[in-house]
Amino acid sequence: MVVKVDNTESIPATDEVISEEMDMKKKKYLRGEAANLKDLKDKKLQGQLAVQEELFGKSAAAAAKAEKWLMPSEGGYLEGDGIEKTWRIKQDAIASEVDILSSRKQFDIVLPDFGPYTLEFTPSGRYMAAAGRKGHIAIVDMKNMSAIKELQVRETVRDVVFLHNELFFAAAQKKYPYIYNREGTELHCMKEHGAVLKLQFLRNHFLLASINKFGQLHYQDVTTGQMVANVRTGLGRTDVMQVNPFNGVVAVGHSGGTVSMWKPTSAAPLVKMLCHPGPVTALAFHPNGHLMATAGMERKIKIWDLRKFEVLQTLTGHCKSLDFSQKGLLATATGSFVQVYGDLSGSQNYSRYMTHSVAKGYQVKKVTFRPYEDVLGIGHSMGWSSILIPGSGEPNFDSWVANPFETSKQRREKEIRSLLDKLPPETIMLDPTKIGSVRPERKKEKPSKEDREAEMEAAIEEAKNIHMKKKTKGRSKPSKIAKKKQEAVEKAKKPFLEQHANKKRKPTEETQLPKSLERFVRKKVAA
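Here it is in structure tokens:
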């Protein structure tokens with residue numbers, strides 16, 4: 001009997017805990033406190049507002065229920081006990097504590113004959129493209145840990161980037177960039193781009209952006225094949241380029257220490273900011289688009305607030321590659337050493353979170369976080385490596401945005417949907433929230449004297465060149481034609497002369513006249 005009593009008492013306890021948890025989640029989705037409807041005299045309005053408040057409560061409860069059952073995972077970070085530092089924890093210690101599936105994500109691929117390697121992940125994190133400097137390109141399924149396709153292009157490969165899905169990718173080779181499909185078949189050779197050093201793909205606009213060794217920035221629409229823009233940066237050769245995920249603006253780092261931001265519809269940079277006294281070596285954007293990290297040759301890493309274009313924090317250290325994770329961790333790499341900084345307090349104050357050293361002598365070329373996984377990919381001179389960084393990835397994925405488990409049918413539907421939602425290049429701007437807003441009416445500026453004179457001269461020229469019809473004998477004499485043209489010229493001049501005459505100041509009663517003329521001024525008769 002005692003056991004039964006204990007069982008019956010434990011059930012409502014768990015129900016209470018669940019209801020308390022649901023109430024806490026529900027508060028997060030409520031729209032503030034409910035309005036006091038008792039003071040309303042209008043019964044109809046009171047009833048309408050009561051129904052509305054009830055709907056708000058139901059929607060908040062539904063959202064809390066969906067969060068509980070559809071978003072069960074919560075992100076976490078490494079925490080040290082007492083004075084223990086998280087950056088002292090090694091990868092071997094992490095691998096021994098995590099589950100088997102997570103420990104499989106920690107590996108090293110050694111390919112010394114084809115490095116250094118650059119890496120690129122799809123937005124879902126399911127597939128990875130690895131490109132070796134000496135011509136080796138591989139497409140890897142990270143879920144099954146199997147190579148889908150490997151090819152040897154037999155020439156230098158500087159960069160690789162996926163297009164709208166994993167079926168197509170672009171590789172920046174020795175002379176031109178090429179587009180391949182997943183089977184390794186060459187589809188396009190884009191000779192207009194030239195010898196490209198860096199590639200980026202704008203997913204919402206279906207634009208492939210590249211910068212070549214002459215400092216020319218190209219935008220090509222991959223759906224139509226049209227070259228949207230060809231811009232000369234005028235700031236020299238560079239291979240530092242990154243796309244802001246928030247607004248689609250391309251940022252380019254230059255050897256003079258400046259970072260310029262571009263859009264395809266403008267021949268001049270939107271922003272040109274001096275970030276470092278020496279060359280910019282690396283560049284990265286936070287997923288929210290408001291933070292930018294830059295690294296310079298003077299051994300400084302700066303974190304910028306792009307809403308104010310101000311430096312938030314300066315970190316010490318040389319860096320060849322930068323990358324932000326989905327949760328805001330910042331990975332930096334130089335030589336054979338990788339550091340990860342974290343804003344664990346939420347105050348935009350980054351501190352050292354984790355460190356990792358690849359084998360001595362390996363030179364890291366690129367670091368990139370794998371989406372929706374606590375994994376950091378490292379491309380180096382002897383192949384590529386994968387290490388575990390707890391808390392770097394988003395724990396819950398949205399299948400409408402990026403689905404790691406999508407089928408071929410879902411992929412086709414997503415491709416069609418994204419093509420229908422494709423944004424034109426004109427929507428790329430620093431503040432995309434202005435799209436759809438009404439521009440305030442501008443006050444008409446008064447034309448200057450030079451503008452008025454130029455307008456009058458244009459009207460006179462138009463009047464002089466007017467075509468005269470040939471009439472009967474005696475009515476088309478040269479004197480009459482000249483007279484008519486003179487009349488047309490005077491008619492064209494008239495509105496400008498009248499406008500000028502109206503602007504002349506008319507004498508008023510307040511105007512002070514000489515004493516000798518005051519007696520001629522008509523005086524008002526006193527009422």
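First residue of the sequence shown? That's 1 in the UniProt record's numbering, and the numbers climb one at a time after it. We put the beta carbon where it would ideally sit given N, CA and C, even for glycine.
At the level of alpha carbons, what is the spacing between residue i and residue j?
{"i": "R126", "j": "T294", "result": "28 Å"}
{"i": "I389", "j": "G184", "result": "32 Å"}
{"i": "S386", "j": "T265", "result": "39 Å"}
{"i": "H254", "j": "M241", "result": "9 Å"}
{"i": "W262", "j": "L207", "result": "13 Å"}
{"i": "residue 600", "j": "G257", "result": "One cannot answer for residue 600 here, as it falls past the ends of the chain, which runs 1 to 527."}
{"i": "K213", "j": "S96", "result": "46 Å"}
{"i": "K470", "j": "E450", "result": "37 Å"}
{"i": "R519", "j": "L513", "result": "10 Å"}
{"i": "E54", "j": "D39", "result": "18 Å"}
{"i": "I435", "j": "T427", "result": "7 Å"}
{"i": "V521", "j": "L497", "result": "28 Å"}
{"i": "V31", "j": "L49", "result": "In the sequence on display, residue 31 carries Arg and not Val. In a straight line, the C-alpha of R31 is about 14 Å away from that of L49."}
{"i": "M24", "j": "E67", "result": "12 Å"}
{"i": "K308", "j": "G115", "result": "40 Å"}
{"i": "L199", "j": "N36", "result": "58 Å"}
{"i": "Q486", "j": "E462", "result": "12 Å"}
{"i": "Q326", "j": "N396", "result": "11 Å"}
{"i": "G194", "j": "K28", "result": "53 Å"}
{"i": "S59", "j": "K26", "result": "9 Å"}
{"i": "A284", "j": "V249", "result": "13 Å"}
{"i": "H218", "j": "S260", "result": "15 Å"}
{"i": "S479", "j": "M456", "result": "25 Å"}
{"i": "I303", "j": "G278", "result": "16 Å"}
{"i": "L235", "j": "A251", "result": "13 Å"}
{"i": "E21", "j": "K65", "result": "10 Å"}
{"i": "D221", "j": "P425", "result": "9 Å"}
{"i": "G335", "j": "A131", "result": "19 Å"}
{"i": "I378", "j": "V364", "result": "7 Å"}
{"i": "A170", "j": "E406", "result": "22 Å"}
{"i": "K494", "j": "A488", "result": "10 Å"}
{"i": "L517", "j": "S448", "result": "35 Å"}
Let's test the definition: count the other Cβ atoms within 10 Å of the Cβ of residue i and tell me whether it reaches 16, buried, or not, exposed.
{"i": "A209", "result": "buried"}
{"i": "S19", "result": "exposed"}
{"i": "L343", "result": "A small correction: the amino acid at residue 343 is Asp; Leu does not occupy that position in the sequence shown. Classification for D343: buried."}
{"i": "Q499", "result": "exposed"}
{"i": "K515", "result": "exposed"}
{"i": "A62", "result": "exposed"}
{"i": "I83", "result": "exposed"}
{"i": "G110", "result": "Sequence check: residue 110 is Val here, not Gly. So V110 counts as exposed."}
{"i": "E120", "result": "buried"}
{"i": "S146", "result": "exposed"}
{"i": "H164", "result": "buried"}
{"i": "C319", "result": "buried"}
{"i": "residue 566", "result": "Residue coverage of the chain in this structure runs from 1 to 527, which leaves residue 566 outside it and unanswerable."}
{"i": "H467", "result": "exposed"}
{"i": "I100", "result": "exposed"}
{"i": "W400", "result": "exposed"}
{"i": "A454", "result": "exposed"}
Along the chain, where does the alpha helix (DSSP H) that runs through residue i open and close?
{"i": "A416", "result": "In the sequence under discussion, the amino acid at residue 416 is Ile, which differs from the Ala named in the question. Looking at the DSSP string, the run of the alpha helix (DSSP H) that includes I416 is 408–420."}
{"i": "Q91", "result": "91–97"}
{"i": "D451", "result": "449–464"}
Give me the Cβ distance between residue i and residue j, rounded to the nearest whole Å; I'm assuming they're in contact under 8 Å.
{"i": "E155", "j": "K174", "result": "4 Å"}
{"i": "L376", "j": "S357", "result": "Actually they are not in contact, since the Cβ atoms of L376 and S357 sit about 13 Å apart, beyond 8 Å."}
{"i": "L315", "j": "Y341", "result": "7 Å"}
{"i": "V196", "j": "I211", "result": "7 Å"}
{"i": "M297", "j": "T281", "result": "6 Å"}
Could you please give the first and the last residue of the uninterrupted beta strand (DSSP E) stretch that includes residue i?
{"i": "I100", "result": "Here I100 belongs to no beta strand (DSSP E); instead the alpha helix (DSSP H) covers 100–103."}
{"i": "T294", "result": "291–296"}
{"i": "T368", "result": "364–370"}
{"i": "M273", "result": "271–274"}
{"i": "E150", "result": "146–152"}
{"i": "K379", "result": "Per the sequence presented here, residue 379 reads as Gly, with Lys not at that position. First-last of the beta strand (DSSP E) with G379: 375–380."}
{"i": "A171", "result": "168–173"}
{"i": "T189", "result": "It is worth fixing the name first, because residue 189 is Cys in this sequence and not Thr. 186–189 is the span of the beta strand (DSSP E), which, as asked, contains C189."}
{"i": "E120", "result": "117–121"}
{"i": "D42", "result": "Counting along the chain, D42 falls outside any beta strand (DSSP E), and DSSP gives it neither H nor E."}
{"i": "T140", "result": "Looking at the sequence shown, residue 140 is not Thr but Val. Run containing V140: 136–141, per the beta strand (DSSP E) assignment."}
{"i": "W384", "result": "383–388"}
{"i": "N204", "result": "It is not in any beta strand (DSSP E) - N204 carries neither H nor E in the DSSP assignment."}
{"i": "E310", "result": "310–316"}
{"i": "T355", "result": "351–357"}
{"i": "R519", "result": "That residue, R519, is in no beta strand (DSSP E); it is neither H nor E in DSSP."}
{"i": "W304", "result": "300–305"}
{"i": "D159", "result": "157–162"}
Any contact of the stretch 137–157 with the stretch 418–435, i.e. 3+ C-beta pairs under 8 Å? no
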